[in-house]
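What follows is a short report on a single structure.
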Amino acid sequence: MRGGAGHARDRAAAPCRAAAAPQRALDRRDGPGERPRAALQPRRRVLLSLGLRALRAHQPRGDGLRDARGGLRGGRDPRGGGGRQDRPARAAGGPRGPGGCARAAAHGPRAGRRDGAGRAAPRGGALQLGERGGAHRAGLRRRGRRVRAHGGRAGLVTGDLAALRGFVFDLDGCVWHGATLAPGAREALVALYRAGRALAFISNNSRATGAELRRRLHALGVTVAEHVLTPLEIIGQVIRERWGPSRVLVIGAREMAEAIAAAGHELVDVDAYGRATVVAVGNDFDLTYARLTAACRAVARGAALVTPNLDPRLPIEGGEFLPGCGAIVAAVAVAGGARPVVVGKPERPLFDIALARLGLPAASVAMVGDSVASDIRGGRAAGMVTVLYAPEGDLADEADYVVRSFAELAARAGVG
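Going by the numbering used here, the first residue of the sequence shown is number 33, and it counts up by one from there.
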C-alpha cells in the first residue's frame, strides 16, 4: 500500500479530462492501470449514478468536533458491537502548472492473481491515499521549485479573483479546524456574501449531513452558510443506482447508517458480515479490531467497498489530526483485496451539485481548500478556478492561486 502525496505533476491528466465526457463510465472492471472508481460520473446535468460497496453504520458523530466536556462527539449505531463511548483522541498567489488528477490507486495485479508468497493480490491494484493534512507540502518540497508571486491559467485575469461570481469552500482544514474557525474566516465569508458573491460549502465529512454542518457553521457565527454538502447526501443513492437495493455493512457514524437506510438498503450487523453485499467505510471513532475484521472478511467474500473519501488525516484544533477515513479504508482494501468506490471529493458529484445549487457556470466559481488532492484537483476536473488555502506559505503550481489567509482571499476578491 502506498500512502501520502504523489508527485505534484501527476501524470493522470488524461483520466481527469475523460471524467468530463458526456457519457459516464460506470462499470469498468478492475485491472492494471485503473484508478479507484468514481462513485458518480455525471453528465452535463446533475445525475447520480455511482458504484459502491457496503460499510457499516454504527459510528459516532463529530468528525473531530468536541462536545462541552471536551470529548469527541458521537454514539455508535445500535447495531455495532460493544458499548464503548468515543474518546478524544494546517504567500502570495501562484499559477497552476500542468499537473493532473490525483491517482488514488497504483498499478497492480489483476484480481485472482497471487504475489510471490502465494497470497491473493488485491483487486484493482494498490491503494494510494489522498493528501489531506499537509501531505501535498512534502511533494512540493521534493520538487524544489518555486512559482511566480502572481499568475493564473489561460483565460483568467492574472492575480484577480474579483471577477468571480461565486466561491465554494472546503471545511475541515480550511474554514475550520475541529471546533475553531480559521482566523478571519467569518469576516471574509460575510464580506463575500454582502458583496453579492454566491457561497457554498462542500466537505468529505463521513459523519454528518449538510444540514448538521450548516447548523455548526451558524453556531460559530457563519450565518451566511446556506448550501452545505457532504457525501452523506448521495451515498445511499449511489449504492442503489450501482447495485440496487443492497445489504450494507457500515463501519462509520450513525448518520451514515441512517442515510444509507433511508435510501432503502438493509443494514447488516457485524456478526452477520457474510450477508453483506456492500461494505461502506467512514470515519469510526470507536473502531474495534472485531469490526475491522468483519469489514475485511465481507469484502474478501465479494462485497463491494464504498467510502465517502480517501483522506488519510482529519485536521483538528491546534494543528493536530485524527486518522482519517482513508486510513481505515486502506486497511479494509488491502486485507479484503478490493479497490474502493469513492463518493466524495475529488470525484465530480459534490462539485457539480454545488454549482447547480449556486446556479453558476464552473468557470465563474472558485473552489477554495487546503488539499491539493481533494480540493484543487477535484475543482479543476469540474472546470472551476482553484485557490489553495496554505497558511504556512507553501506554493502549489497545481492551483490557480494560493492564499495564506482569509484576509488575503478577501482582498484579492475585492471585498477586503
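Glycine is no exception: its CB is placed at the ideal position from the N, C-alpha and C atoms.
Just to confirm my understanding: we take A386, look at its own chain, exclude 5 residues before and 5 after, and list those with CB closer than 7 Å. What are they?
Once the five neighbours on either side are set aside, the close Cβ partners of A386 are V200, A232, I234, H259, L261.
Can you give, in chain order, each stretch of the beta strand (DSSP E) that sits fully within the segment 234-287 and has at least 3 residues?
Listed in chain order, they are 259-261, 279-283.
With G376 and P340 assumed to form a contact (beta carbons below 8 Å), what rounded beta-carbon distance in angstroms separates them?
Yes, G376 and P340 are in contact; Cβ-Cβ is about 5 Å, under 8 Å.
Shortest alpha-carbon distance to D204 belongs to which of G216, D318, D407?
D204 has its Cα closest to that of D407, out of G216, D318, D407.
Can you tell which of Y433, E298, F353, R436 has its C-alpha closest to the C-alpha of V282?
Here the closest residue by C-alpha is E298.
Whose C-beta lies closer than 7 Å to the C-beta of A223 among residues of the same chain, with five residues either side of it excluded?
Closer than 7 Å at Cβ, skipping near neighbours: A442, V447, G448.
Does R345 pass the burial test, meaning 16 or more other C-beta atoms within 10 Å, or should it be called exposed?
With 16 or more Cβ atoms within 10 Å of its Cβ, R345 is classed as buried.
I believe L390 touches V397 by the beta-carbon criterion, under 8 Å. Please report the beta-carbon distance rounded to the nearest angstrom.
The Cβ separation is near 7 Å, so the contact holds.
In the DSSP assignment, the beta strand (DSSP E) including T418 goes from what residue to what residue?
Note, T418: beta strand (DSSP E), 417-421.
Can you look up E298 in the DSSP assignment and give me helix, strand or coil?
Correct three-state label for E298: strand.
Could you tell me whether the Cβ atoms of L221 and T241 are closer together than 8 Å?
No; because the gap between Cβ atoms is not below 8 Å, this pair is not in contact.
Give every residue of the same chain whose Cβ lies closer than 6 Å to the Cβ of G253, excluding the five residues on either side of it in the sequence, and list them in chain order.
These residues qualify, in order along the chain: R218.
Helix or strand or just coil, what does DSSP make of A388?
Correct three-state label for A388: helix.
Which residues bound the alpha helix (DSSP H) around T325?
Counting along the chain, the alpha helix (DSSP H) containing T325 begins and ends at 321-332.
Fully enclosed by the segment 342-420, which alpha helix (DSSP H) runs are 4 residues long or longer?
357-368, 380-390, 409-413, all fully within the segment 342-420.
Is it true that the CB of V417 sits closer than 8 Å to the CB of L196?
Yes, these two residues count as a Cβ contact at 8 Å.
What three-state label does DSSP hand G306 in the structure shown?
Looking at G306 - three-state DSSP - the assignment turns out to be helix.
With DSSP as the reference, identify every bridge partner of V435, one or two as the case may be.
Beta-bridge pairing links V435 to Y421.
Applying the criterion that 16 or more other CB atoms from any shown protein chain within 10 Å of the CB defines a buried residue, is Y321 buried or exposed?
The residue in question, Y321, is exposed, as its Cβ has fewer than 16 Cβ neighbours within 10 Å.
Would you say L193 and A414 are within 8 Å of each other, going by their C-beta atoms?
In this structure, A414 does not lie closer than 8 Å to L193 by Cβ.
Write down the C-beta distance between L245 and N237 rounded to the nearest angstrom, noting that I regard them as a contact closer than 8 Å.
So it is a contact: roughly 6 Å between Cβ atoms.
Helix, strand or coil: which one does DSSP assign to V222?
Helix.
Whose CA, out of D301, F317, E352, G351, lies closest to the CA of A327?
Answer by Cα proximity: D301.
Helix, strand or coil, according to DSSP, for A230 in the structure here?
In the structure shown, A230 sits in a strand (DSSP, three-state: E or B).
Quick one: residues in its chain with C-beta nearer than 7 Å to the C-beta of A294, no 5 flanking neighbours on either side, listed in chain order?
Once the five neighbours on either side are set aside, the close Cβ partners of A294 are G268.
Any idea which residues DSSP pairs V313 with across the strands?
Paired residues: I283.
For the beta strand (DSSP E) that contains V338, what are its first and last residues?
Unbroken beta strand (DSSP E) run through V338: 336-339.
Figure out for me which residue from F438, A439, E424, Y225 has the closest Cα to the Cα of T255.
If we check each option's Cα against that of T255, Y225 comes out closest.
Start and end of the beta strand (DSSP E) containing G198?
Segment 198-202, the beta strand (DSSP E) holding G198.
Report back the beta-carbon spacing between L280 and V313 to the nearest angstrom; my notes put them in contact at under 8 Å.
A quick correction: the sequence has Val, not Leu, at residue 280. With 8 Å as the limit, V280 and V313 do not qualify as a contact, their Cβ atoms being about 11 Å apart.
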